[in-house]
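Add 19 to a position in the sequence shown, counting from 1, and you land on the number used in full-length UniProt numbering. Where is the CB? At the ideal position from N, CA and C, for every residue including glycine. None of these values were measured; they are calculated from a predicted model. A short write-up of the structure that comes next.
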Amino acid sequence: PGAIRLADYAPPDWLVPEVSLDFRLSAGSTRVTSRLVVRRNGNHDRPLVLDGQNLKTSFAMLDGEPIDVVPVGERLEIAIVGDAAIVEFEVEISPALNTRLMGLYESEGRLVTQCEAEGFRAITWFPDRPDVLSVYTVRIEGDAALYPVLLSNGDRGAVETGLAGGRHAVTWTDPWPKPCYLFALVAGDLSALRDGFTTMSGRQVELAIWTSAADVPRCAHAMAALKASMAWDEAIYGREYDLGAFNIVAVNDFNAGAMENKGLNIFNSKYILADPETATDSDFDGVAGVVAHEYFHNWTGNRVTCRDWFQLSLKEGLTVFRDQQFSADQGSAAVRRIEDVRGLRAVQFPEDAGPLAHSIRPDHYVEIANFYTATIYNKGAEVIRMLHTLVGAAGFRAGTDLYFERHDGQAVTCEDWVAAMEAATGSDLGQFRRWYEQAGTPRVAVHERREAGKVIVELVQSQSPTPGQAVKLPVHMPFRMALIGRDSGRRIGEERVVEMREAVTRVEFDAVDEPVLLSLNRGFSAPVIIEAEASRTELAFLAGHDDDPSARWEAMQRLALSVLATDDDPAALVSAVAATLMDGTAGKLDAAFVGEAMLLPTESFIGDQAAMVDVEGIHRRREAARLAIATGLEAEWWAALRTYSGSGTALTPAAKGARRLANVALAYLVGAGSAEALAAARIQYETAATMTDRMGALSALVGTDTPERDACLADFHARFAGNNDVIDKWFTVQALSGRPDTLARVEALARHPDFSITNPNRLRSLVGAFAANQRWFHAADGAGYRLLGDQLLAVDRINPQSAARLAVPLGRWRRFDAARGALMRAQLERVTATPRVSRDVLEMASRALV
Ligand code: B3K
Ligand code: ZN
């Protein structure tokens, strides 16, 4: 399939200032009539080009006269003589048969839309590109019993009741011009949790979160997060909401996490529904983070949108950064930053190091759905964060103000964003723009020496080639660093923000009379890989003393990686863990940080550090270290469990931190294997007041070979039968198990009546999770790869977007030994050789093979 190139971008030949849509809903066959006011854009004689997919067109009219339309593939050309015209269509679509979950589809009897990136073309003929902005009027008519609630973007207008055949209708108008990817419609039997918000200029906004009647109480956390987000965006960015209503709908079948449709956000229910009984602390954080993210898109995405899909990070990187800032402000900023960094390194770094590497502004793609990646989102957010660090909070605000002032109502580019930042702050971001073009993770090698008492540090940046990009130039980045006294354990002097630009940057610290250790890339100020020599003693010291939480956590990670890379006695790690744990119990560190620091790097992350992943060796050494930490500190873990458990259901940072640390303690205790620990886990499982604690006990038990494990797994399934988000957890916890029978269990679970490949969450909960289980997904005989290949091909016929995501883990084949690599490639080749495989999957599998 042909690639689409940034270099080929041309502005739209025709604009569509106004659209009216009329939906006559029915699950089997929905009729959509459309009326487009089109206007020639510029001086040319090219036809109007429209996109359409799976549309049964019953009539077309140009300026009121019927015309014959003959689509070529998924495009339709209409020759127009004047400079403006009215184009009308009636098409028929089938939501019930739409398993791709793009366009209008059915989920649990409701009708919902997903249009980003290119789903609107499955609803009606339209120039389906983000730089065509229109004002929409939408009439929705449907059976009043089946679809009592009818929602679309904007504000509700006329309501028609008592129509023939038990039907009713509602008309919505959205005054804000928007690209069609932000169009949304929802119809169904829904109940709302309602609330209100008064904006900074005193306007009233009606808020509603729609779901089934039974789930309404589970929307309270999302509602609180929505109100907090609205207030935060006013306080921090001066951005006010701009409609009289804000609606959110939770649905169970959804490809992504959520969607920022103007005034009508549609969410994967996983990111709305939460109560202590069914959601873990991290689920609660996920709900708040995604609600905030989608809300923040109202300005960064909707009011100012993307010119073309190459600019996706313009809205996504910026909006992720904004939601990260928001979450940091709401809870423990330090722990939040560590979690973001951990996520970035777990997913984005490997992406940047493999065949799927691309820059945050790619220059070509085959299927845009494949570019909703950790690079666009999370590395994109890191790039924005660096800008924030370079220009400072006030400069950044001046930059965003100017960006909104210049571009409100426009579809723009990453260049427009950087230019606004530059103009508002007077800074030179010329070299900084390379971050938008270059793929791959830069490395920074650190060399340190003393000259006349002064500490001289040389930072050397370099970057390996990535597919299609052989030459890399040095990038401009802020590198925060400080000195820590090796005797005093205190920071010496001020922290420095070094602006690296050249390949080599020399940094000089004034003479100090104490030996020092370097605290590097504090706050993870630049998304790079650090190469610095440090002994285990030095790392242990920094893990106990660095005054920057990210750097302190990083020292512990580096120490763990150093120990786990060898068969050495893990004693150094055990004592560093003990010291941090003691600092926690003594109240010197908060529990959430301690819980975070106690977690060993995952097997995948350990694997990422070496040129070749030693699957069995990593598992064996990590298990041995876990056992050493568990048995060496058994008394301390019991003490921690006693100190930190019983924090109830509160969602304060302190209570969440306590639960985290208590569950880490429980996991180590179960790992040490005493009967008392198993009994404690069983009791915690049974008496848990929160899903965090119930899941904590279940995860600890699931790796054991005990009757407790089987009893708790069975109870969990029975207890939460019918609750989709919780049953997903039941699949995931088993797919991630370290037990040797995991593969067989996953195979059996794939045949379980609750398993379904049509539901993206369920598919991810089992197959996606299993692919992250390094030890058993990478079983030497290739059975894990085969399972993934089978699932991928089965899903592809139903939902190509879901299927394409499953190709990613196989793309890491170069990092494994020849035998495994061949088995992984064999699955990718099997996929590319399958007839009628989707464009989504074909692109991913072919890129993964390179
Ligand atoms: N903008 C949507 C992404 C939809 C994904 C489509 N494949 C969600 C978000 O980033 O907010
Ligand atoms: Zn987004």
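Simplified DSSP state of residue 899, which is helix, strand or coil: There is simply no residue 899 to check, as the chain begins at 20 and stops at 869 in what is shown.
Measuring alpha carbon to alpha carbon, tell me which of Glu557, Ala647 and Glu655 ends up nearest Gly603. Position 584 of the sequence shown, counting from 1, holds the residue named residue 603. With distances taken between Cα atoms, Gly603 lies closest to Glu655.
Arg462 - DSSP class collapsed to helix/strand/coil: Stepping through the sequence shown from its first residue, residue 462 is reached at position 443. Reduced to three states, the DSSP call for Arg462 is strand.
Evaluate contact between the stretch 311-321 and the stretch 714-723, counting only Cβ atoms and requiring at least three cross-stretch pairs below 8 Å. no
DSSP has Ala79 in a bridge; who is on the other side? Looking up residue 79 in the sequence shown gives position 60. Looking at the DSSP assignment, Ala79 forms a beta bridge with Phe108.
Relative to the C-alpha of Gly92, which candidate in Phe108, Pro114 and Leu69 has its C-alpha closest? As a first step, residue 92 is located in the sequence shown; it is residue number 73 there, counting from the start. Ranking Phe108, Pro114 and Leu69 by Cα distance to Gly92 puts Leu69 first.
Determine, using beta carbons only, whether Asp294 and Pro236 come nearer to each other than 8 Å. For the purposes of this step, residue 294 is taken as residue 275 along the sequence shown, with counting starting at 1. For the purposes of this step, residue 236 is taken as residue 217 along the sequence shown, with counting starting at 1. Yes, they are a contact pair.
Segment contact, 8 Å Cβ cut-off, at least three pairs: the stretch 340-351 with the stretch 278-298: no
Can you tell me whether DSSP reads Cys753 as helix, strand or coil? Locating residue 753 in the sequence shown gives position 734, where the first residue counts as 1. Sequence inspection shows Gln at residue 753; the Cys mentioned does not correspond to that position. It is helical.
Quick check on the burial criterion: 16 or more other C-beta atoms within 10 angstroms. Buried or exposed for Ala430? Within the sequence shown, the letter at position 411 stands for residue 430. Classification of Ala430: buried, given that the 10 Å Cβ count is 16 or more.
Looking at the secondary structure, which residues open and close the alpha helix (DSSP H) in which Asp371 lies? If you number the sequence shown from 1, residue 371 lands on position 352. Phe368 to Ala372 is the span of the alpha helix (DSSP H), which, as asked, contains Asp371.
Could you name each continuous beta strand (DSSP E) segment of 3 residues or more that falls completely within the stretch 175-226, going from the start of the chain to the end? 186-197, 204-207 and 210-217
Evaluate Gln343 with the Cβ neighbour count: other Cβ atoms within 10 Å of its Cβ, from every protein chain shown; 16 or more gives buried, anything less gives exposed. Position 324 of the sequence shown, counted from the first residue, corresponds to residue 343. When all chains shown are included, Gln343 counts as buried.
Any idea which residues DSSP pairs Gly153 with across the strands? Taking the first residue of the sequence shown as position 1, residue 153 is located at position 134. Correcting the residue type first, residue 153 is Ser in the shown sequence and not Gly. DSSP output for Ser153 lists Lys197 as bridge partner(s).
Per DSSP, what kind of secondary structure is Ala229 in: helix, strand or coil? On the sequence shown, position 210 is the one that residue 229 refers to. Ala is not the amino acid found at residue 229; the sequence shown has Trp there. Residue state, collapsed to three classes: strand.
Does at least one heavy atom of the ligand B3K sit under 7 Å from the Cβ of Asn274? Within the sequence shown, numbered from 1, the residue matching residue 274 stands at position 255. The answer is yes for Asn274.
Buried versus exposed call for Thr392 [16 or more other C-beta atoms within 10 Å across all chains shown]: Reading the sequence shown from its first residue, position 373 is the one you call residue 392. Buried, by the Cβ-count rule.
Decide if His564 is buried, meaning its Cβ has at least 16 other Cβ atoms within 10 Å, or exposed. Looking up residue 564 in the sequence shown gives position 545. Under this definition His564 is a buried residue.
Should Pro772 be labelled buried (16 or more other beta-carbon atoms within 10 Å of its own) or exposed? Within the sequence shown, numbered from 1, the residue matching residue 772 stands at position 753. Burial call: exposed.
Out of Cys731, Leu34, Asp627 and Leu806, which has the shortest C-alpha to C-alpha gap to Arg834? Along the sequence shown, one-based indexing puts residue 834 at 815. The shortest Cα separation from Arg834 among Cys731, Leu34, Asp627 and Leu806 belongs to Asp627.
Count the other CB atoms within 10 Å of the CB of Ser288; is the residue buried (16 or more) or exposed (fewer)? Counting from one through the sequence shown, the residue named residue 288 turns up at place 269. Counting the other CB atoms within 10 Å of its CB gives Ser288 a total of 16 or more, which places it among the buried residues.
Residue 880 by DSSP, collapsed to three states: which one? Look at the range of the chain in this structure, 20 to 869, and you will see that residue 880 is not part of it.
Using DSSP's beta-bridge definition, name the partner residues of Glu550. As a position in the sequence shown, residue 550 is number 531, starting the count at 1. The partner list for Glu550 (beta bridge, DSSP) reads Ala464.
From this set, Gly101, Val51, Asn73 and Ile86, which residue's C-alpha is nearest His63's C-alpha? Here residue 63 refers to the residue found at position 44 of the sequence shown. Nearest option by C-alpha distance: Gly101.
Can you tell me whether DSSP reads Arg260 as helix, strand or coil? As a first step, residue 260 must be located in the sequence shown, where it is residue number 241. The sequence given here has Tyr at residue 260, not Arg. Reduced to three states, the DSSP call for Tyr260 is coil.
Secondary structure of Val517, DSSP reduced to three states: For the purposes of this step, residue 517 is taken as the residue at position 498 of the sequence shown. Looking at Val517 - three-state DSSP - the assignment turns out to be strand.
What's the gap between the Cα of Asp82 and the Cα of Gly61? Walking along the sequence shown from the start, residue 82 turns up at place 63. Walking along the sequence shown from the start, residue 61 turns up at place 42. Going by the C-alpha atoms only, they are around 21 Å apart.
May I have the straight-line CA-CA distance separating Gly176 from Leu169, to the nearest angstrom? Numbered from its first residue, the sequence shown carries residue 176 at position 157. Numbered from its first residue, the sequence shown carries residue 169 at position 150. Cα-Cα distance, rounded: 12 Å.
Excluding five sequence neighbours on each side, which residues of the same chain lie with their C-beta closer than 6 Å to the C-beta of Met714? As a first step, residue 714 is located in the sequence shown; it is residue number 695 there, counting from the start. Correct list, in chain order: Thr299.
Please return the same chain residues whose Cβ sits closer than 7 Å to the Cβ of Ser332, not counting the five positions on each side in sequence. The residue labelled residue 332 in the question sits at position 313 within the sequence shown. Within the same chain, and ignoring the five residues on either side of Ser332 in sequence, the residues whose Cβ sits closer than 7 Å to its Cβ are Ile379, Arg380, Ile395, Gly399 and Cys433.
From Ala183 to Glu111, what does the alpha carbon distance come to, in whole angstroms? Here residue 183 refers to the residue found at position 164 of the sequence shown. Here residue 111 refers to the residue found at position 92 of the sequence shown. In this structure, the alpha-carbon of Ala183 lies about 20 Å from that of Glu111.
At a threshold of 7 Å, does Thr338 count as lining the ligand ZN (C-beta to nearest heavy atom)? Along the sequence shown, read from residue 1 onward, the residue named residue 338 stands at position 319. Thr338 has its Cβ nearer than 7 Å to a heavy atom of the ligand ZN.
Whose CA, out of Ala700, Glu642 and Met617, lies closest to the CA of Arg679? Stepping through the sequence shown from its first residue, residue 679 is reached at position 660. Selected option, being the one with the closest Cα: Met617.
With three or more beta-carbon pairs closer than 8 Å as the criterion, would you say the stretch 786-806 touches the stretch 747-761? yes
May I ask which residues mark the beginning and end of the alpha helix (DSSP H) holding Lys289? Translated into the one-based positions of the sequence shown, residue 289 becomes position 270. Counting along the chain, Lys289 falls outside any alpha helix (DSSP H), and DSSP gives it neither H nor E.
In whole angstroms, give me the CA-to-CA distance for Gly614 and Thr662. On the sequence shown, position 595 is the one that residue 614 refers to. On the sequence shown, position 643 is the one that residue 662 refers to. Each residue's Cα considered, the two are about 13 Å apart.
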